[in-house]
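A quick write-up on the structure given underneath.
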Amino acid sequence: MIELEYFDDITCIKTATEQGGQAIMWVYAYRIGNLLFDTGCGNAREEVQKCKELEGIKRVILSHYHEDHIGCAGVFDNAQIFAHEPSIEMIKNPEQLGEFFQYVWGQPHQIKRVLPLPEMLKESEFKFEIVSLPGHCEDMIGLYEPNKKWLFSADAVPLPSKKKIAMPEENVPQIIQTLEEIQRMPIDVIFDGHRGPIENPHEHIQTRIDFLKGIREDILRYHRDGKSIQEIQTLLDIEGPWYMDMTEGRFGIDHFISSMIKHSI
């Protein structure tokens, strides 16, 4: 399914898999002039192909290789598609998803040609800087427009205010560092990968920094006391979401705790 929203000069494209007439989870792509930042999930490919608001795209910027962001990239074969160079092969040849993620997002198709990112992008009156946003994955990037004070942040800002699960490739202490770097930037709006435009970005981000720093202190204290990952999970009374087992290990509380320990010591 697809829905459109508008913010200033930006078209916000929301895509999702429909279940019972509702979106399982929205993911956002953004059109600025003839430039598209991310493309949405593969299960919305048909709707994206038919969407007149997405005609005439000349350049596509992919923030990272996860399927909810690259799923419709193949729709834009006639455009130039750009990504951070270390991610290009994973984007061109996406990994085969498990059953759960095929249902939630859809399997991305292969993409014939993906180009390395330029240092800066111009679109209409806008000048976008490419900014590195590691943590959620090592090679994730965003776009920053200094005159408007806009940051297209992809998945740099955790969706929940109290993040307690992670993927194996996530570096949670690096997420904290990236959030702190964003806080030091002059930003009026962040264009989030799953929430859309956020007009109180610093307040929104600070709640996540405070929680992650607090739980990191607890995890490291228990680790120094010789507690195992399972024991730390029990002591912190962390429970996973209902769908976690269905991800077949791609999301886990153990990944979250392990990352806090591994990347903090």
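Counting from 0, one number per residue, gives the positions in the sequence shown under numbering that gives the first Met the number 0. Positions of the beta carbon are idealized from the N, C-alpha and C atoms, including for glycine.
Specify whether the stretch 224–233 and the stretch 125–137 touch according to this definition: at least 3 beta carbon pairs, one from each stretch, less than 8 Å apart. no
In chain order, what residues of the same chain lie with their CB nearer than 6 Å to the CB of ALA82, ignoring the 5 residues before and after it? LEU61, ILE90, VAL113
Rounded straight-line distance, which links the Cα of LEU219 to that of PHE100: 32 Å
Could you tell me which uninterrupted alpha helix (DSSP H) segments, each at least 4 residues in length, are contained entirely in the stretch 155–232, listed from first to last along the chain? 171–182, 200–223
In its own chain, which residues sit with a C-beta less than 6 Å from the C-beta of ASP253, not counting the 5 before and 5 after it? ILE228
C-alpha distance - CYS11 paired with HIS222, whole-angstrom precision: 43 Å
Start and end of the alpha helix (DSSP H) containing PHE255? 252–261
Is it a yes or a no for the stretch 234–252 touching the stretch 156–168, going by three-plus beta-carbon pairs under 8 Å? yes
When you compare only the Cα positions, how much space is there between GLY213 and ASN77? 47 Å
Scan the stretch 13–63 and note each continuous alpha helix (DSSP H) run of 4 residues or more that stays entirely inside, going in chain order. 44–49
At a threshold of 6 Å, does LYS163 count as lining the ligand HEM (C-beta to nearest heavy atom)? Here there are no bound small molecules, and the ligand HEM is not part of this structure.
Starting from LYS126, follow its DSSP beta bridges and name the residues at the other end. LYS121
When DSSP labels each residue in this structure, what does LEU114 get in the three-state scheme? strand
Thinking C-alpha only, which one of THR206, TYR29, MET0 is nearest GLY19? MET0
Integer-rounded CB distance, given that GLN182 should sit under 8 Å from GLN205: 7 Å
Since I believe ILE140 is in contact with VAL156 (beta carbons under 8 Å), could you give me their beta-carbon distance rounded to a whole number of angstroms? Rounded, the Cβ-Cβ distance is 14 Å, inconsistent with contact.
Would you mind stating whether VAL26 and GLY39 have Cβ atoms separated by less than 7 Å? yes
Determine the contact status of ILE256 and ILE231, defining contact as a CB-CB distance below 7 Å. yes
With H, G and I counted as helix, E and B as strand and the rest as coil, what does DSSP make of LEU234? helix
Three-state secondary structure assigned by DSSP to GLU2: strand
Proximity below 7 Å, CB of GLU66 to CB of PRO117: no
7 Å Cβ cutoff met for ILE31 and ILE9: yes
Please report how far the alpha carbon of ARG58 lies from the alpha carbon of LEU34, in whole angstroms. 5 Å
DSSP beta-bridge partners of GLN106: Paired residues: none, contrary to the question.
For ALA78, which three-state DSSP category applies? coil
CB-CB under 6 Å to HIS285, same chain, minus the five flanking residues each way: which ones, in chain order? Coverage of the chain is limited to positions 0 through 264, which leaves residue 285 absent and any answer about it impossible.
Taking the beta strand (DSSP E) that GLU247 falls in, what are its first and last residues? It is not in any beta strand (DSSP E) - GLU247 carries neither H nor E in the DSSP assignment.
Can you give me the start and stop residues for the beta strand (DSSP E) that GLU144 sits inside? 140–144
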